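All residue numbers for the sequence shown refer to my numbering, where the first residue is 2 and numbers rise by one.
Think of the CB as a built atom: it goes at the ideal place given N, C-alpha and C, for glycine as much as any other residue.
Nothing here was measured: the structure is a model prediction, and the numbers come from that model.
Please read the structure below before turning to the comments.
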Amino acid sequence: MKKRNNIKKIIFGNDSENYLAKSILLEEAISPFYLRGTILFISFLILVTIIWASFARLDVVAKAIGKIVPSDSVQVIQHQDGGRINKIFVDEGSIVKKGDMLILLDDTAAKSDLESLKAKSEKLKSEVKYLSELANIRSTLAKQNLVPKTSSLDAEKSLAQTEGDYESTVFEINKLEDRLSRTEIRSPSNGIVQDLKYRTIGGVIPPGATVMNVVPSNDTLRAELHVSTNDIGHINVGQNVRLKLDTYDFMRYGVINGKISVVSAYSSIDDKTNLPYFLCYATVPIKYLGDKTRQLPIQPGMTLQADIVTYNQTVLEYVLRPIYIAFKEGMKER
């Protein structure tokens, strides 16, 4: 009876109380419907996500660093004799053709020595001719007993000695002419001047010193990659690789899509870090990044980051892998 009176108070109260009571009753009546709808929607969303994660695939990549290099070897320009620089015809980054003059060394002293040797050679040549005739005459006279035999032998001895001096002088002339030809340092191939060591007129290049490098400017480039020893077991020829040049924003200008072409069989040691790495090469099938309105050239020496696609897996495998590994490792514990 008490309970019924309470209900009557709610129903027959003033207007504001009746409105509040109806709102509460309506909310209590509708809430289960919204709750069921929300649960069904979330369940459907989870199901769709699981289905998508079962089919959507992710690339698993191995990271590497490297640089763009020409397919042909870089030409290292050295000079075996050395000398004083008379003129420099190129600068860092100059484009040269095969046979172009790079540096001219001072040849004043060599030319002076060559002239002296040539004069000496002509003199010795005349002496050889004279002594040859003298030796023949004395040999004839000695056979007729008109002169002592020793006189003929002395003439032949002088002839042999002078001929030896002449041949030695000719050898020195050839040697000096060869040296003079090397005072003109020329490019061995078409390419781009890189790492120019000497830039001062009058500077001295030591014998055997490296003067500069000429990077071949052929149409074919490739990427030289340093791959970690932890990743090399997953790297094979033919795998796709995404090359991101450090000088260009890959998010804006894109990446170079190449393929692994060479995988080294042996490791090398990095000079800077003293850590081992494996050398790999990847193809670079394009010459420019960007679009037709702005073509950004790809040049030898540009550094890069590489993503080598080793295999791919589904999103679900990616998510569950840590759980699987933890479970598998946990089963091994005592």
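(message) If we require 3 or more residues per run, which beta strand (DSSP E) segments fall completely within the region 261 to 327?
(response) 277 to 285, 289 to 292, 295 to 298 and 304 to 315
(request) Would you mind reading off the limits of the alpha helix (DSSP H) that contains arginine 253? (result) Position 252 of the sequence shown, counted from the first residue, corresponds to residue 253. It spans 251 to 254 - the alpha helix (DSSP H) in which arginine 253 sits, taken as one unbroken run.
(request) Would you kindly report the start and end of the unbroken beta strand (DSSP E) that includes valine 77? (result) Here residue 77 refers to the residue found at position 76 when the sequence shown is read from its first residue. That run of the beta strand (DSSP E) goes 76 to 80.
(request) Check whether the Cβ of leucine 244 lies closer than 8 Å to any heavy atom of the ligand SAM, and answer yes or no. (result) Judged by which ligands are present, the structure shown has none, so any question about the ligand SAM falls away.
(message) Quick check on DSSP: helix, strand or coil for histidine 227?
(response) As a working note, residue 227 is residue 226 in the sequence shown. Here histidine 227 sits in strand by DSSP.
(message) If I measure Cβ to Cβ from aspartate 232 and keep anything under 6 Å in the same chain, skipping five residues before and after, which residues do I get?
(response) On the sequence shown, residue 232 is found 231 positions in, with the first residue counted as 1. Excluding sequence neighbours, aspartate 232 sits near Ala63.
(message) For glutamine 300 and leucine 105, what's the separation of their Cα atoms in angstroms?
(response) Numbered from 1 along the sequence shown, position 299 holds the residue referred to as residue 300. Numbered from 1 along the sequence shown, position 104 holds the residue referred to as residue 105. Distance between the alpha carbons of glutamine 300 and leucine 105 is about 28 Å.
(message) Quick check on the burial criterion: 16 or more other C-beta atoms within 10 angstroms. Buried or exposed for arginine 5?
(response) Within the sequence shown, residue 5 is the residue found at index 4, counting from 1. Caution applies to arginine 5, whose pLDDT of 44 falls short of 50 and renders its modelled position unreliable; the value that the coordinates give is listed next. Arginine 5 comes out exposed.
(request) Taking arginine 200 as part of the beta strand (DSSP E), name the residues at either end of that continuous run. (result) Locating residue 200 in the sequence shown gives position 199, counting from the first residue. Element bounds for arginine 200: n/a, residue is neither H nor E.
(request) Report all residues from its chain with a CB closer than 8 Å to the CB of glutamine 81; omit the five preceding and five following residues, and keep chain order. (result) For this step, residue 81 is matched to residue 80 along the sequence shown. Excluding positions up to five away in sequence, the list reads Arg183, Pro208 and Gly209.
(message) Using the three-state DSSP reduction, which class does lysine 339 fall into: helix, strand or coil?
(response) Only positions 2 to 335 of the chain appear in this structure, which leaves residue 339 out of reach.
(request) Could you say if the region 119 to 128 and the region 87 to 104 meet the contact criterion of at least three C-beta pairs nearer than 8 Å? (result) no
(request) Excluding the 5 residues preceding and the 5 following threonine 311 in the sequence, name in chain order all residues of the same chain whose CB lies nearer than 8 Å to its CB. (result) In the sequence shown, residue 311 corresponds to position 310, counting from 1. Around threonine 311: Val61, Val62, Ala63, Asp232, His235, Ile236 and Gln240.
(request) Quick one: grab the DSSP three-state call for glutamine 162. (result) Here the question's residue 162 lines up with position 161 in the sequence shown. Glutamine 162 falls in the helix class under three-state DSSP.
(message) Strictly by DSSP, which residues pair up with arginine 85?
(response) Here the question's residue 85 lines up with position 84 in the sequence shown. Looking at the DSSP assignment, arginine 85 forms a beta bridge with Val205.
(message) Quick check: isoleucine 174 and leucine 115, are their CB atoms within less than 9 Å of each other?
(response) Residue numbering aside, residue 174 sits at position 173 when the sequence shown is read from its first letter. Residue numbering aside, residue 115 sits at position 114 when the sequence shown is read from its first letter. Their beta carbons are under 9 Å apart, which means isoleucine 174 touches leucine 115 by this criterion.
(request) Please classify asparagine 237: does DSSP put it in a helix, a strand, or coil? (result) Locating residue 237 in the sequence shown gives position 236, where the first residue counts as 1. Coil.
(message) For lysine 112, tell me which candidate among Lys176, Lys158 and Gln162 has the shortest Cα-Cα distance.
(response) By 1-based counting over the sequence shown, the position of residue 112 is 111. Nearest of Lys176, Lys158 and Gln162 to lysine 112, Cα basis: Lys176.
(message) My parser needs the beta strand (DSSP E) runs of 3 or more residues fully inside the region 87 to 114; what are they?
(response) 102 to 106
(message) Here's a check: name, in chain order, each residue in its chain whose Cβ is nearer than 6 Å to the Cβ of aspartate 308, leaving out the five neighbours to either side.
(response) The count along the sequence shown starts at 1 and reaches residue 308 at position 307. Excluding positions up to five away in sequence, the list reads Val62 and Arg243.
(request) Could you name the residues of the same chain whose beta carbon sits closer than 6 Å to that of glycine 204, not counting the 5 residues immediately before and after it, in chain order? (result) As a position in the sequence shown, residue 204 is number 203, starting the count at 1. Taken in chain order, the residues that qualify are Ile86.
(request) Compute the beta-carbon to beta-carbon distance between valine 356 and isoleucine 193, rounded to the nearest angstrom, for a pair I have assumed lies under 8 Å. (result) Not covered by the structure: residue 356. The range shown for the chain is 2 to 335.
(message) valine 263 and leucine 222 - do their beta-carbons sit closer together than 9 Å?
(response) Your numbering for residue 222 matches position 221 in the sequence shown. Your numbering for residue 263 matches position 262 in the sequence shown. Going by C-beta atoms, leucine 222 is not nearer than 9 Å to valine 263.
(message) If distances are taken between C-alpha atoms only, which option among Gly259, Thr141, Thr304 and Trp53 comes closest to isoleucine 287?
(response) Stepping through the sequence shown from its first residue, residue 287 is reached at position 286. Measuring from the Cα of isoleucine 287, the nearest candidate turns out to be Gly259.
(request) Report the three-state DSSP secondary structure of arginine 183 (helix, strand or coil). (result) The residue labelled residue 183 in the question sits at position 182 within the sequence shown. Coil.
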